[in-house]
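In the numbering used here, the protein residues as written are 2 to 753.
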């Protein structure tokens with residue numbers, strides 16, 4: 002064999018799969034019921050677990066009738082603080098990035114209504130449910146602290162997941178002194194709950210010191226390590242399976258007490274145990290979006306340009322942990338102002354700990370910001386779109402860094418043209434439809450950061466011309482199975498039908514976190530790089546093999562497409578992957594890759610997705626009934642891998658924004674601290690009849706800095722512009738400015 006020829010890496014290009022509106026690869030499994038979710042697993046000897054939950058919000062459990070529960074036919078075990086075995090880690094301490102404090106029967110204290118106070122294991126779900134009912138707890142109750150006026154202020158040390166609570170740039174005092182007009186307003190947003198179609202569920206099975214878990218999880222490898230830590234076993238002894246998730250919205254990246262109790266119960270009784278939370282139990286131990294009260298002050302010059310922007314937010318959190326909704330941070334990166342100050346303060350109450358929920362911080366904060374900017378436009382007497390253009394930021398206001406890419410002007414233009422914004426009257430109550438209903442048009446700017454996490458992937462080329470691609474990433478319904486396969490297929494130069502994707506398993510390479518709208522960028526980059534690695538190895542085999550038509554092509558490089566390697570300067574010289582492997586005596590060839598952002602780009606550029614949402618509402622002038630009749634959103638999010646699935650995500654975000662504006666609110670009984678509408682009958686979310694004609698425009702944008710794929714997220718940005726667009730449209734229709742969400746009929750017919 003001659004000496005190896007100097008090798009130039011093969012050329013990869015985005016091929017036939019990228020940019021195509023391919024339908025979901027998992028669609029048939031889901032619509033036929035063949036997709037296996039966590040609670041669909043039934044190992045031999047399965048028992049059923051039920052969490053007994055507190056009916057008070059603050060105090061302690063004085064007694065539980067354990068004997069009555071155990072006497073019920075079919076009940077196997079009742080776990081209480083009196084007999085709960087110890088855990089290797091303390092659930093009252095934080096562990097890891099998403100390590101929240103939680104309740105796992107460590108004592109008899111009650112910290113919120115709906116908290117686990119016992120765990121019943123039985124042969125059937127019915128027996129476990131009845132056993133939990135027979136516990137008939139007695140309490141020493143204390144006055145519940147609920148609501149922004151009923152909690153206790155405290156000095157929080159962070160906002161969101163570890164971010165500093167306060168931020169400032171420029172001289173705020175000088176900015177307000179330079180203003181010729183000041184606009185101030187206070188907005189409130191309620192507590193909101195995730196309500197994914199699939200509730201939190203877990204099936205646990207022990208084999209000695211080895212543990213198998215089936216549970217919906219957004220960060221499989223990271224969660225495996227946390228579960229292992231609580232039970233004092235090595236992470237490699239835990240198998241966590243999560244091939245399908247029926248919605249997560251941020252709540253399923255975090256360990257919670259009911260999950261740990263299920264695993265503990267399985268170890269205690271020596272049999273597999275399954276738990277599926279009821280819909281009512283989703284309101285408490287598994288996170289939510291905390292309520293906020295936000296005060297915004299804008300300093301403006303005569304032309305409506307910002308001289309100062311102050312955004313202070315007070316957010317509810319629990320009495321025992323700290324997750325403060327970072328709503329004020331929404332004002333840091335969007336509008337140009339020489340002085341910006343934000344502060345996220347905490348209010349402790351007797352509630353379950355909030356957590357990340359679909360655009361955490363930005364959803365609540367942008368709702369207030371987009372409304373107060375409209376108030377400023379009205380005060381100046383200019384069009385709301387013009388107001389935003391006058392305050393357009395050419396560089397990131399918080400850091401001064403250039404944006405990695407920003408096509409927001411194009412979003413404004415395309416969205417406005419498609420909606421028909423031109424000619425909108427500035428003053429409210431100027432338009433009516435043929436039925437006499439008041440018509441209003443409103444808009445909001447959409448912004449969401451473009452994060453990336455660490456990820457790994459493995460790709461194996463097979464001799465039959467197919468490929469196996471593997472990463473532990475998950476599909477929460479957003480189409481990850483399809484999009485990740487498209488990225489892998491393009492990187493390998495294969496048709497997507499020849500690519501088998503394996504994901505949703507902890508023994509696969511770490512796919513990172515499926516959250517923050519960063520999963521495609523994260524796991525996709527790892528897969529793309531793994532593809533480059535294996536194609537590089539394959540090309541090196543070919544160019545150094547005298548029998549290959551590509552022999553000697555090292556310096557020129559080769560090109561991977563259509564399942565073959567091609568000489569870049571001679572189309573007659575090519576060879577299939579299978580032929581190269583066969584001649585080398587190999588049945589397959591593997592490569593590995595990692596996904597991570599270039600640190601230099603991360604330090605030098607501000608990275609966001611941008612958009613603009615336009616909404617039309619019609620309001621009955623006598624009854625105050627609001628109907629959203631049209632919505633148009635235009636979004637720039639880098640390179641779009643699959644337009645069909647991207648639009649689906651954007652529509653979902655816009656619908657969530659509508660739900661935020663008009664429907665969602667958890668209502669507490671101030672006497673007991675219990676949530677009075679903890680179900681899908683009283684906790685309102687929009688149904689088909691509430692959803693208007695919608696259009697999502699994908700605005701072309703190339704971002705060479707955000708990652709090698711040029712991909713940003715689309716999952717959450719649709720929420721951030723839509724809430725304000727609808728609220729502003731309601732003001733434009735009625736002349737009534739409602740500063741509390743959700744906007745109710747009574748707010749319009751009898752404004753406060």
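No residue lacks a Cβ here, since even glycine has one placed at the ideal position from N, Cα and C.
Fair warning: this is a prediction, and the values are worked out from it, not measured in the lab.
Beta-bridge partners of residue 669 (DSSP): 676. Secondary structure at residue 172: coil, using DSSP grouped into helix, strand and coil. Here the region 182–199 lies against the region 370–384, with 3 or more beta-carbon pairs under 8 Å apart. Cβ-Cβ distances below 8 Å link residue 726 to 371, 443, 444, 445, 614, 615, 616, 632 and 658 in the same chain, with the five nearest sequence neighbours on each side left out; the list follows chain order. Per DSSP, residue 195 lies in no beta strand (DSSP E) segment and is marked neither H nor E.
Counting the other CB atoms within 10 Å of its CB gives residue 392 a total of 16 or more, which places it among the buried residues. A distance below 7 Å between beta-carbons, with the five flanking residues on each side excluded, links residue 347 to the following residues of its chain, in chain order: 155, 157, 316, 318, 323 and 325. Annotation: residue 193 to residue 644 spans about 30 Å, alpha carbon to alpha carbon. Between residue 86 and residue 104, the CB-CB gap reaches or exceeds 9 Å. A contact is defined here as three or more CB-CB pairs under 8 Å, and the region 671–691 meets this definition with respect to the region 101–117. With a cutoff of 9 Å on beta-carbon distance, residue 485 and residue 591 are scored as not near each other.
Listed in chain order, the beta strand (DSSP E) elements of length 3 or more contained wholly in the region 191–260 are 202–208, 211–215 and 239–242. In the displayed model, residue 453 falls within coil according to three-state DSSP, outside both helix and strand. In chain order, 391 and 392 place their CB closer than 7 Å to the CB of residue 306, counting only its own chain and leaving out the 5 sequence neighbours on each side. Around the beta carbon of residue 330, a 10 Å sphere encloses 16 or more other beta carbons of the protein chains shown; the residue is thus reported as buried. Taken through DSSP and simplified to helix, strand or coil, residue 442 comes out as strand. Residues 272 and 273 of the same chain have their beta carbon placed closer than 7 Å to that of residue 46, with the five preceding and five following residues left out of the count. Take residue 434, set aside five residues on each side of it, and the residues of its chain with a beta-carbon closer than 7 Å to its own are 440 and 619, in chain order. DSSP places residue 370 in the uninterrupted alpha helix (DSSP H) bounded by 363–381. In this structure, residue 622 keeps its C-beta atom at 9 Å or more from the C-beta atom of residue 721. Following the DSSP letters along the chain, one finds residue 695 inside the beta strand (DSSP E) bounded by residues 694–699. Remark: C-beta atoms of residue 89 and residue 230 approach each other more closely than 9 Å. Secondary structure of residue 433 (DSSP, three-state): strand.
The three-state reading of DSSP puts residue 661 in helix, counting H, G and I together.
Non-local C-beta neighbours of residue 705 in its own chain, meaning closer than 8 Å and more than five positions away in sequence, comprise 405, 406 and 711, ordered along the chain. Annotation for residue 227: 96, 97, 100 and 256 place their beta carbon closer than 7 Å to its own, counting only its chain and skipping 5 residues before and after.
Residue pairing by DSSP places residue 500 opposite 468 in a beta bridge.
DSSP, reduced to helix, strand and coil, places residue 567 within a strand of the structure shown.
Secondary structure in the region 597–658: the alpha helix (DSSP H) runs of 4 residues or longer, each lying completely within the stretch, are 600–605 in chain order. A buried status is given to residue 286, since no fewer than 16 other beta-carbon atoms sit within 10 Å of its beta-carbon.
Within the region 378–414, there are no complete beta strand (DSSP E) runs of at least 3 residues. About 7 Å separates the beta carbons of residue 561 and residue 493, which is inside the 8 Å limit, making them a contact pair. In the same chain as residue 384, and ignoring 5 residues on each side of it, the C-beta atoms closer than 8 Å to its own belong to 378, 425 and 427, in chain order.
The C-alpha of residue 241 is placed about 6 Å away from the C-alpha of residue 213.
Between the alpha carbons of residue 474 and residue 137 lies a distance of about 42 Å. For residue 561, there is no enclosing alpha helix (DSSP H); the enclosing beta strand (DSSP E) has its first and last residue at 560–562.
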